[in-house]
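Chains as they are written, first to last, in the numbering used here: chain A, 237 to 562; chain B, 15 to 459.
Idealized CB from N, CA, C, for every residue including glycine.
Below is one structure, written out as structure tokens, with a few remarks after it.
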């Protein structure tokens with residue numbers, strides 16, 4: 237019996253999507269970032285191409301999230317309500333490759349800030365950092381449509397990643413992204429067919445497919461991760477098998493999902509078997525991120541600086557084509 | 015080529031003696047065809063049958079057992095992706111003990127590991143194996159460590175000992191224990207003799223796929239089949255690709271020499287690094303993960319990930335039917351009801367928590383189905399909910415007589431009020447994410 241390398245070549249390829257724009261491209265970012273382009277399962281260099289590495293973003297807020305845990309306040313307590321300063325720290329001190337500005341405070345139940353206030357914050361962040369931006373909204377359709385329209389307009393040409401549209405509310409925001417040249421997150425609730433359907437809806441309205449990123453909806457470790465993980469693996473397998481309507485890079489949000497669960501705030505005294513809270517808080521994001529990288533994530537939004545550090549290092553370590561390797 | 019049940023049946027003795035544990039030869043043939051049994055379980059199989067069925071009748075990845083009273087079973091996997099079917103045998107978590115740590119520290123560590131037990135969604139989570147590395151000068155240290163482990167723990171044992179005299183004596187202490195041995199160098203005849211004499215599994219290490227294959231062929235020809243594999247790798251990227259190639263060779267190419275469970279070693283420079291490596295290798299095909307130390311937070315994180323990855327995708331995880339306190343509820347706090355599908359429970363309890371109120375959450379047994387599915391299947395109707403509320407004597411625990419039901423099943427409200435005299439039903443929001451807004455705007459008690 238002779239060993240043969242079980243190489244599998246795939247007919248499909250994940251689309252390449254570029255985020256941000258340099259002055260030459262009509263924006264003000266110091267560099268644009270391209271993700272996607274893989275022709276094989278994640279990090280398998282022995283059988284395919286991976287022209288771009290997955291990237292790690294961090295998130296700032298227009299309003300301090302309720303339940304924002306102490307383990308993160310230790311790093312950001314003094315800047316949590318100063319998004320421009322927090323963004324600067326995330327990029328310069330912790331190595332964030334993109335910044336997500338979460339505009340939760342514009343939700344009518346969570347502060348009801350105006351679109352003008354949101355625009356102001358986005359502009360401040362644009363000035364304070366030179367990495368590409370992600371603009372993250374919420375589920376109140378009427379309000380977020382109004383906010384995103386304005387944000388898209390004033391950031392025209394920056395090629396922000398507008399996060400997100402869903403099947404019940406996509407037309408207004410998608411139209412703004414077309415007009416003002418932004419990239420868009422298509423979010424669907426942990427389902428291969430719904431993900432595909434939304435991409436079809438978007439491309440049917442002539443949305444450029446090279447400007448779509450999929451969010452399959454992240455469940456964090458212990459809270460539905462297994463569903464996200466398998467849906468992502470299925471989406472990626474279908475994409476590589478040639479389904480063009482699923483062949484988009486994937487966004488996951490381990491930070492947002494992890495900081496809200498009790499594992500990020502429960503003291504060791506209360507549950508000794510859960511171990512040290514500071515370590516656990518970082519581990520939770522790290523384990524969620526690494527498993528989602530295995531399932532095909534190309535863009536991760538993280539909260540914990542220790543997680544950002546190690547996830548970026550491990551991505552690089554897995555991104556070196558092995559000499560004498562398989 | 016895989017043989018059909020009928021092809022296999024033709025090769026069996028057709029005596030229906032039942033010695034294999036299955037009543038008829040036909041039934042045994044079917045089990046062989048589904049790779050749920052091995053031909054060696056039939057004591058009367060002819061040489062011809064053994065030869066023909068040899069390759070075809072074995073599972074593509076061997077199931078290997080380590081340990082005495084409740085041995086850990088690893089391997090036996092049949093798919094590359096959990097959504098294709100399921101992963102059957104959760105990866106074993108091994109913790110390393112070094113003889114150079116000294117008896118006192120080792121004993122303390124064993125006791126800590128032995129006492130560690132967490133519970134998550136009804137599953138008891140504990141470390142599975144102890145991995146003893148002999149790295150001190152005196153071989154008595156090695157024997158003493160084995161003795162401490164045997165006396166204080168009944169977990170399975172893996173030995174990593176470069177000193178062959180010490181190893182021999184150590185194995186004498188583990189005659190009944192079905193241990194595993196890590197081989198630091200290429201497989202030798204002496205290793206095979208030890209494996210046979212002490213019923214030990216061997217962890218083979220190699221520098222290439224060909225090198226590992228030739229070692230497993232040698233072992234198998236000598237009659238030693240309880241093998242595990244570790245292909246050396248420079249870094250995490252190589253480890254991931256090696257593990258993928260090993261698993262794929264066995265499953266997609268039916269390449270028998272690599273059809274064994276994999277062992278992966280976690281050797282990160284710091285704990286965050288270790289956590290990241292462990293998560294990658296747990297997802298991608300390690301059947302045993304060897305951790306360099308005992309860290310409760312890391313164990314709990316890793317067990318949770320293991321539970322997620324090894325859960326059968328066809329069987330939703332369920333939480334126990336019960337009343338769950340959210341926050342610090344008093345008898346005056348509002349009452350919500352939902353189903354026992356774990357994801358539903360996690361999302362609903364999380365959103366109630368996010369809303370800042372305290373409440374009682376009644377979780378009804380719907381066999382793990384979500385709200386609409388359970389309602390459609392008749393498992394989440396008014397009568398069923400009312401019956402459960404009476405069973406758990408909720409009226410004695412709470413003063414309120416209002417109950418909030420999921421907005422998606424608004425239509426059961428009449429039925430529920432009818433079956434639950436004295437109670438008023440409030441129809442909640444349709445989506446859990448709207449709970450914080452809902453509780454602000456609606457009087458719940």
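Asked	Found
Could you list which residues in chain B have their beta carbon closer than 7 angstroms to that of residue 518 of chain A, in chain order?	286
Answer yes or no: does any C-beta atom of chain B fall closer than 8 angstroms to that of residue 263 of chain A?	no
Under 7 angstroms: does the beta carbon of residue 419 of chain A sit that close to some heavy atom of the ligand FAD?	As for the ligand FAD, it is missing from this structure, which has no ligand bound.
Are the C-beta of residue 303 of chain A and some C-beta of chain B separated by less than 8 angstroms?	yes
According to DSSP, is residue 153 of chain B helix, strand or coil?	helix
Can you check whether the CB of residue 187 of chain B is closer than 8 angstroms to the CB of residue 144 of chain B?	no
State whether the region 336-351 of chain A contacts the region 296-312 of chain A, with contact taken as three or more CB pairs (one from each stretch) at a distance under 8 angstroms.	yes
Considering Cα atoms alone, identify which of B/142, B/122, B/331, B/432 is closest to residue 317 of chain B.	B/142
To test your reading of the DSSP string, which unbroken alpha helix (DSSP H) runs of 4 or more residues are found completely within the region 244-270 of chain B?	250-266
List, from N- to C-terminal side, the beta strand (DSSP E) runs of 3 residues or more that fit wholly inside the region 317-383 of chain B.	336-340, 349-353, 373-378
Inspect the beta-carbon positions of residue 411 of chain A and residue 382 of chain A and report whether they are closer than 8 angstroms.	no
Got a sec: which bits of the region 504-515 of chain A sit with their beta carbon under 9 angstroms from any beta carbon on chain B, in order along the chain?	504, 507, 508, 509, 510, 511, 512, 513, 514, 515
Name the chain A residues that come within less than 7 angstroms of residue 294 of chain B, Cβ to Cβ?	526, 530
Look at the alpha carbon of residue 240 of chain A and the alpha carbon of residue 289 of chain A, and state the distance between them as a whole number of angstroms.	28 angstroms
May I ask you to verify whether the region 123-136 of chain B touches the region 90-107 of chain B, counting CB pairs closer than 8 angstroms and requiring at least 3?	no
Answer with yes or no whether the minimum CB distance from residue 548 of chain A to chain B is below 8 angstroms.	no
Name, going along the chain, the residues of the region 404-438 of chain B whose beta-carbon falls closer than 8 angstroms to a beta-carbon of chain A.	none
Residues in its own chain within less than 7 angstroms of residue 399 of chain B by CB, not counting five upstream and five downstream?	351, 378, 430
Suppose you measure from the CA of residue 242 of chain B to the CA of residue 218 of chain B; what does that come to, to the nearest Å?	6 angstroms
With a 10 Å radius around its C-beta and 16 neighbouring C-beta atoms as the bar for buried, classify residue 436 of chain A as buried or exposed.	exposed
For residue 242 of chain A, I'd like the list of residues in its chain whose CB is within less than 7 angstroms of its CB, leaving aside the five on either flank, ordered along the chain.	none
Should the region 521-531 of chain A be called in touch with the region 314-328 of chain B, which here means at least 3 C-beta pairs below 8 angstroms?	yes
Suppose the cutoff is 6 angstroms on Cβ atoms and the five residues either side in sequence are ignored; what does the same chain contact list for residue 195 of chain B look like?	173, 214, 216
Smallest Cα separation from residue 461 of chain A: which of A/497, A/261, A/379, A/447?	A/497
So with Cβ pairs under 8 angstroms, would you call residue 290 of chain A a contact of chain B?	no
Do the region 258-278 of chain B and the region 80-95 of chain B meet, that is, are 3 or more Cβ pairs less than 8 angstroms apart?	yes
What do you get for residue 244 of chain B, buried or exposed, if any count of 16 or more other CB atoms within 10 angstroms of its CB means buried?	buried
If you draw a straight line from the alpha carbon of residue 334 of chain B to that of residue 359 of chain B, how long is it in whole angstroms?	10 angstroms
With DSSP as the reference, identify every bridge partner of residue 106 of chain B, one or two as the case may be.	B/302
Could you please give the first and the last residue of the uninterrupted alpha helix (DSSP H) stretch that includes residue 119 of chain B?	117-129
Just curious, the alpha helix (DSSP H) that residue 421 of chain A is in, first and last residue?	Element bounds for residue 421 of chain A: not the alpha helix (DSSP H) but the beta strand (DSSP E), 419-423.
Using the beta-carbon count (16 or more within 10 Å), is residue 272 of chain B buried or exposed?	buried
Give me the chain A residues within the contact set of residue 297 of chain B, using Cβ-Cβ distance strictly less than 7 angstroms, ordered along the chain.	527, 530
Three-state secondary structure (DSSP) at residue 276 of chain A?	coil
Alpha carbon to alpha carbon, how far is residue 181 of chain B from residue 252 of chain B? Give it in angstroms, no decimals.	31 angstroms
Which residue from B/87, B/50, B/185 puts its Cα closest to that of residue 72 of chain B?	B/50
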